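Colleague:
Number of protein chains: 2
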Amino acid sequence: MSDHDSESGLTRGELARATGCNIETIRHYEKIGMLPDPPRTGAGYRIYAQSHAARLRFILRARELGFAMKDIRGLLGLEDGTAPTCADVHARTERHLADVRAKIGDLKRIESVLAGTAAKCSGDEVPDCPVLDAITSSFVR
Amino acid sequence: MSDHDSESGLTRGELARATGCNIETIRHYEKIGMLPDPPRTGAGYRIYAQSHAARLRFILRARELGFAMKDIRGLLGLEDGTAPTCADVHARTERHLADVRAKIGDLKRIESVLAGTAAKCSGDEVPDCPVLDAITSSFVR
DNA sequence: TGTAGGGTCTGTAGCGGCTACAGGCTCAAG
DNA sequence: CTTGAGCCTGTAGCCGCTACAGACCCTACA
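The listed protein sequences derive, respectively, from chains A and B.
The numbering of the first sequence is my numbering, which starts it at 81 and goes up by one.
The numbering of the second sequence is my numbering, which starts it at 81 and goes up by one.
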């Protein structure tokens, strides 16, 4: 199978290189139904079309944006088999955005505790490490 | 075993309630060596001392602060069997703090992409959902 | 035509950090 | 003496991959 026998038609390795996705991950996504099973050659090799690549790229970008797998399924219309409406997508995005903001808040609280305690300790000889003390007595949230 | 036969001496369930930790998690931490095996009654019931409770609280707080398990091991002196020096603790905290800040940065980039795209879409009838378009074409990082 | 090397195929096991059973034992209260 | 809660062990499952092993196939070069 050369690179040029048709404009499309990628092997699994080619798809992996084209998308930057780990080759095993592609198989994984097929197994869990995130990517449709591609057609095969006589010998059983997968042949991916550009539509597969587009879908995989979508999944990878959504993942970069922190969407959970079940959200990505929803965005792809895999939950009930119907294409999601614009309102669906909007709602899902807003919910995810709220989660992201909450997580930022959590991490900022963590950051301030860590920064405060690390500043107290120069790393030199100090009895009763203030960092360990802070961990044993700090409450986050 | 009553609650009052000695000042200390907790069963597993009591320890779980006292620390807010899931009872199974305690067993898990013992299995992976984060908590020492406690002494047992004749019938095999675990009896935890206050030192176990203190250690478990330490682990739980460190976890709340987002430390990875291997860092917590380090903070507890479980990596090489020696108590960590103040400098060790400081370095580990600074490294973790840097990780936390990096994660905050990642999430903020994600937030801005999500907020920007969600704002473009009212959820009403719009051709070519801008959210899906943004996902298919946005790069984070 | 043979062979070496890459790529691909399948199935399965492992990671971290738990969580949730099943099936049995023990303990305290009534 | 029974009942029900709690404890014991071992094992399996969760997510989202990742990494094999062992077999097959395909291409290039001699």
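Glycine is no exception: its CB is placed at the ideal position from the N, C-alpha and C atoms.
Here the structure is a predicted model, which means the values were calculated and not measured.
1. According to the neighbour-count rule (16 or more other Cβ atoms, all chains shown, within 10 Å of its Cβ), is ALA198 (chain B) buried or exposed?
2. Quick one: give me the first and last residue of the alpha helix (DSSP H) that MET149 (chain A) is part of.
3. Determine the chain A residues that contact THR99 (chain B) at a beta-carbon separation under 9 Å, and present them in chain order.
4. Does the CB of MET81 (chain B) have a neighbour CB from chain A at under 9 Å?
5. Leaving out five residues on either side along the sequence, give the residues of the same chain with a beta carbon under 6 Å from the beta carbon of ARG97 (chain B).
6. Could you tell me if TYR125 (chain B) is buried or exposed, where buried requires 16 or more neighbouring beta carbons within 10 angstroms of its beta carbon?
7. Name the chain A residues whose beta carbon is nearer than 8 Å to that of HIS176 (chain B)?
8. Name the residues in the segment 105-133 of chain B whose C-beta lies less than 7 Å from a C-beta of chain A; which are they?
9. Using only CA atoms, which one of A:ALA195, A:GLY196, A:ALA178 and A:ASP186 lies nearest to VAL193 (chain B)?
10. Give a yes or no on contact between the segment 145-152 of chain B and the segment 164-184 of chain B, applying the rule of three or more CB pairs nearer than 8 Å.
11. Taking CB distances under 9 Å as the criterion, tell me whether ARG92 (chain B) reaches chain A.
12. Buried or exposed: ALA123 (chain A), going by 16 or more other Cβ atoms within 10 Å of its Cβ?
13. Under 9 Å between C-beta atoms, does LEU95 (chain A) make it to chain B?
14. Relative to the C-alpha of ASN102 (chain B), which residue among B:THR121, B:LEU136 and B:ILE112 is closest?
15. Since TYR128 (chain A) sits in a beta bridge, which residues does DSSP pair it with?
16. For ARG181 (chain B), decide whether its Cβ has a neighbour in chain A, counting only Cβ atoms nearer than 9 Å.
17. Quickly, what does DSSP pair ARG189 (chain A) with across the bridge? List them, please.
18. Short of 9 Å Cβ to Cβ, which residues in the segment 134-151 of chain B face chain A?
19. Should LEU187 (chain B) and ILE184 (chain A) be called a contact, given that it needs their Cβ atoms to be closer than 9 Å?
20. Along chain B, in chain order, which residues have C-beta atoms closer than 8 Å to that of THR162 (chain A)?
21. Strictly under 9 Å for the Cβ-Cβ distance: is ILE190 (chain A) near chain B by that measure?
22. Let me make sure I understand the geometry here. Which of B:SER131, B:ARG120, B:ILE139 and B:LEU212 has the alpha-carbon closest to that of HIS108 (chain B)?
23. Are the CB atoms of ARG120 (chain A) and ILE106 (chain A) within a distance shorter than 9 Å?
24. LEU158 (chain A) CB to nearest chain B CB: under 9 Å?
25. Identify every residue that forms a DSSP beta bridge with ARG120 (chain A).
26. What are the boundary residues of the alpha helix (DSSP H) that includes GLU159 (chain A)?
Modeller: To lay it out plainly:
1. Residue 198 (chain B) sits at position 118 when you count from the first residue of the second sequence. Buried, since its Cβ has 16 or more Cβ neighbours within 10 Å.
2. As a working mapping, residue 149 (chain A) is identified with position 69 in the first sequence. Here the alpha helix (DSSP H) through MET149 (chain A) covers 149-155.
3. Start at 1 with the first residue of the second sequence, and residue 99 (chain B) comes out as number 19. Going along chain A, no residue has its Cβ under 9 Å from THR99 (chain B), so there is no contact; the nearest lies around 12 Å.
4. On the second sequence, residue 81 (chain B) is found 1 positions in, with the first residue counted as 1. In this predicted model, MET81 (chain B) has a pLDDT of only 43, less than 50, meaning its place in the structure is not dependable; the value taken from the coordinates is given anyway. No, no contact with chain A.
5. Indexing the second sequence from 1 puts residue 97 (chain B) at position 17. Within the same chain, ARG97 (chain B) has no close Cβ partners at all.
6. Working through the second sequence from its first residue, we reach residue 125 (chain B) at position 45. It counts as exposed.
7. Reading the second sequence from its first residue, position 96 is the one you call residue 176 (chain B). Neighbours of HIS176 (chain B) on chain A, chain order: LEU194.
8. Result list empty, no residue passes.
9. Counting from 1 along the second sequence, the entry for residue 193 (chain B) is found at position 113. Ranking the options by Cα distance to VAL193 (chain B), first place goes to A:ALA178.
10. yes
11. The count along the second sequence starts at 1 and reaches residue 92 (chain B) at position 12. The beta-carbon of ARG92 (chain B) is placed no less than 9 Å from the nearest beta-carbon of chain A.
12. Residue 123 (chain A) sits at position 43 when you count from the first residue of the first sequence. Flag for ALA123 (chain A) reads exposed.
13. Counting from 1 along the first sequence, the entry for residue 95 (chain A) is found at position 15. Among the CB atoms of chain B, none fall inside 9 Å of the CB of LEU95 (chain A).
14. Taking the second sequence and counting its residues from 1, the one referred to as residue 102 (chain B) is at position 22. Per the Cα distances, B:LEU136.
15. Indexing the first sequence from 1 puts residue 128 (chain A) at position 48. A:LEU90, per the DSSP bridge assignment.
16. Residue mapping note: residue 181 (chain B) aligns to position 101 of the second sequence, counting from 1. By this cut-off, ARG181 (chain B) is an interface position.
17. Start at 1 with the first residue of the first sequence, and residue 189 (chain A) comes out as number 109. Paired residues: none, contrary to the question.
18. The segment 134-151 of chain B vs chain A, Cβ under 9 Å: ALA134, ARG137, PHE138, ARG141, ALA142, GLU144, LEU145, GLY146 and PHE147.
19. Here residue 187 (chain B) corresponds to residue number 107 of the second sequence, with the count starting at 1. Here residue 184 (chain A) corresponds to residue number 104 of the first sequence, with the count starting at 1. Cβ distance < 9 Å, so LEU187 (chain B) and ILE184 (chain A) count as in contact.
20. Position 82 of the first sequence, counted from the start, is the residue given in the question as residue 162 (chain A). Under the 8 Å cutoff, chain B gives no residues; its nearest Cβ is about 15 Å from THR162 (chain A).
21. As a first step, residue 190 (chain A) is located in the first sequence; it is residue number 110 there, counting from the start. True, the Cβ-Cβ gap to chain B drops below 9 Å.
22. For this step, residue 108 (chain B) is matched to residue 28 along the second sequence. Of the candidates B:SER131, B:ARG120, B:ILE139 and B:LEU212, the one whose C-alpha sits nearest the C-alpha of HIS108 (chain B) is B:ILE139.
23. Working through the first sequence from its first residue, we reach residue 106 (chain A) at position 26. Working through the first sequence from its first residue, we reach residue 120 (chain A) at position 40. The answer is no: Cβ separation not under 9 Å.
24. As a first step, residue 158 (chain A) is located in the first sequence; it is residue number 78 there, counting from the start. It does not; no Cβ of chain B falls within 9 Å.
25. In the first sequence, the residue the question calls residue 120 (chain A) occupies position 40. Bridge partners of ARG120 (chain A): A:ARG126.
26. Numbered from its first residue, the first sequence carries residue 159 (chain A) at position 79. Per DSSP, GLU159 (chain A) belongs to no alpha helix (DSSP H) and is neither H nor E.
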